[in-house]
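Structure record follows, encoded as structure tokens.
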Amino acid sequence: MYKQEQGRKNEKKVEREYRENGYQVLNVNDKGFPDLIILKDGKIECFVEVKAPKHKVHGFQKEFHKQLEAMGFQVEIRIVEE
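To convert a position in the sequence shown, counted from 1, into the numbering used here, add 124.
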């Protein structure tokens, strides 16, 4: 097994253990995770998905954003002119 695959397997194991103990876990390796985590005074203010005008938010990204919002986080979509 490749080191990267073993590392991912270990991450999932630890993530599962935390979830089983009632914690909410945000895994930045998950497909669809927003581009930026905005913090202030050590606390998460919001998550930001950055897009160019011609690009759209994909379905898998929207689904991940919904999960974050269900946890009580704010997710913003920022369109940046090229």
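Positions of the beta carbon are idealized from the N, C-alpha and C atoms, including for glycine.
Given the structure is predicted, the values throughout are model-derived calculations rather than measurements.
- [ ] Take Arg132 and list the residues in its own chain whose beta-carbon comes closer than 8 Å to its own, dropping the five residues that flank it on each side.
- [x] Asn153
Task: Euclidean distance between Cα positions of Glu200 and Val149 - done: In this structure, the straight-line span from the alpha carbon of Glu200 to that of Val149 is close to 20 Å.
- [ ] Give a yes or no on whether the C-beta atoms belonging to Val181 and Arg202 are separated by under 8 Å.
- [x] no
Task: Start-to-end residues for the alpha helix (DSSP H) that takes in Glu193 - done: Unbroken alpha helix (DSSP H) run through Glu193: Gly183 to Ala194.
- [ ] Pick helix, strand or coil for Lys133, following the three-state DSSP scheme.
- [x] helix
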